[in-house]
Ligand SMILES: [Zn+2]
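Numbering (my numbering), first residue to last: 125 to 449.
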């Protein structure tokens, strides 16, 4: 079967279509016929490389996989733990030292077929196109874990989502809305701000955030937004961070930290039970997929370029069109 393989880090030219052995399902496993893959910034890091991090290439990219198992529409859990350590047995798979993310520390979905343990399959709600379903798992899981597990969001709180049009941002807005929260979000252009207002947030330009006394700030931008995030927090507020797309070194004034009694929380992906809880909200219609564009898997590099240029609202999807044979 055909798959996209990254054998060395670099530009779009390192995304090569190769012939790989047909995967075979063992006991407890299923074959997923991949129809769509949702893109994440993680795909760009896997392709470009990150100084000091070993991705153990070669790697098939693609964390968010939608497809069919015996004709049934499914998406896949994007991550899992070893299953037997103390963290995993406590249900905290994302604290497992052997935590795996599909397409990052295990081969991903940019292939004609993938084999996965049957428990990693999630049913797609009736009527939802697979191109929409592929927009959900990783970013939704990340947003859910940040707000619900780490920040312990309470009903009616005031939330600021930095980069509200990003993949994590569009779901963080919706998760907070399901908790009845007052949601504010930042975005760079009027068009993006209109899209996130439609999701139920009050939208602000990055350089003119007009909300104060925020209970929880959702951070994924890092360097460029950190100061405005800290400024927006109320005394006793929580800042939860899952990324650093603009830079990872930020000033943290310790007097502000202790006088304002802030909680600064780190968050990575989420647990399997977070995924199930978030997926129940998808089935209930409380959280909707946000798709910017559906492109071609053969043109994965072009789709990644749109993500890298920060032109998108929500998720970029690529549809299965790898050449057969
Ligand atoms: Zn484990």
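Just so you know, even glycine gets a beta-carbon here, dropped at the ideal spot from N, CA and C.
For clarity, every value in this text was computed on a predicted model and none was experimentally measured.
Alpha carbon to alpha carbon, how far is residue j from residue i? Give it in angstroms, no decimals.
{"i": "residue 420", "j": "residue 283", "result": "36 Å"}
{"i": "residue 249", "j": "residue 439", "result": "18 Å"}
{"i": "residue 347", "j": "residue 129", "result": "32 Å"}
{"i": "residue 180", "j": "residue 359", "result": "43 Å"}
{"i": "residue 447", "j": "residue 279", "result": "49 Å"}
{"i": "residue 434", "j": "residue 441", "result": "15 Å"}
{"i": "residue 78", "j": "residue 327", "result": "Residue 78 cannot be examined here, being either before or after the span of the chain that is shown, 125 to 449."}
{"i": "residue 457", "j": "residue 307", "result": "Summary: the structure shown does not reach residue 457, with the chain confined to residues 125 through 449, and so no result is reported for it."}
{"i": "residue 252", "j": "residue 381", "result": "44 Å"}
{"i": "residue 298", "j": "residue 411", "result": "6 Å"}
{"i": "residue 407", "j": "residue 264", "result": "13 Å"}
{"i": "residue 216", "j": "residue 445", "result": "36 Å"}
{"i": "residue 212", "j": "residue 203", "result": "12 Å"}
{"i": "residue 161", "j": "residue 270", "result": "23 Å"}
{"i": "residue 350", "j": "residue 125", "result": "45 Å"}
Spatial neighbours of residue i within its chain, please: CB distance less than 8 Å, with the 5 preceding and 5 following residues excluded, ordered by chain position.
{"i": "residue 363", "result": "340, 341, 343, 353, 354, 357, 386, 387, 388 and 389"}
Candidates the options: which alpha carbon is nearest residue i's?
{"i": "residue 372", "options": "161, 175 and 146", "result": "175"}
{"i": "residue 154", "options": "233, 435, 231 and 238", "result": "238"}
{"i": "residue 245", "options": "378, 157 and 269", "result": "157"}
{"i": "residue 424", "options": "235, 197 and 178", "result": "235"}
{"i": "residue 118", "options": "142, 275, 320 and 225", "result": "Residue numbering for the chain in the displayed model covers 125 to 449; residue 118 lies beyond these limits and cannot be assessed."}
Buried or exposed, going by whether 16 or more other CB atoms sit within 10 Å of the CB of residue i?
{"i": "residue 427", "result": "buried"}
{"i": "residue 413", "result": "buried"}
{"i": "residue 223", "result": "buried"}
{"i": "residue 397", "result": "exposed"}
{"i": "residue 286", "result": "buried"}
{"i": "residue 336", "result": "exposed"}
{"i": "residue 194", "result": "exposed"}
{"i": "residue 261", "result": "buried"}
{"i": "residue 400", "result": "exposed"}
{"i": "residue 177", "result": "exposed"}
For residue i, which residues in the same chain have their Cβ closer than 6 Å to its Cβ, ignoring the five residues on either side in sequence?
{"i": "residue 305", "result": "281 and 283"}
{"i": "residue 436", "result": "416 and 430"}
{"i": "residue 330", "result": "310"}
{"i": "residue 293", "result": "285 and 287"}
{"i": "residue 186", "result": "161, 227, 232, 233 and 234"}
Shorter than 9 Å from the beta carbon of residue i to some beta carbon of chain B?
{"i": "residue 400", "result": "Judged by its chain identifiers, the structure shown contains no chain B, having just a single protein chain."}
If you drop the 5 nearest sequence neighbours on each side, which residues of the same chain put their C-beta closer than 7 Å to that of residue i?
{"i": "residue 334", "result": "328"}
{"i": "residue 418", "result": "255, 441 and 443"}
### Message
Contact between the segment 241-256 and the segment 184-200 is defined here as three or more beta-carbon pairs at a separation below 8 Å; is this criterion met?
### Response
The answer is yes - the segment 184-200 touches the segment 241-256, with three or more Cβ pairs under 8 Å.
### Message
Does the segment 133-142 come into contact with the segment 164-174, if we say contact requires no fewer than three beta-carbon pairs (one atom in each stretch) closer than 8 Å?
### Response
Result yes; three or more Cβ-Cβ pairs closer than 8 Å.
### Inter-stretch contact at 8 Å, needing at least 3 Cβ pairs: the segment 137-148 / the segment 197-204
In short, these stretches do not touch, since the Cβ pair count stays below three.
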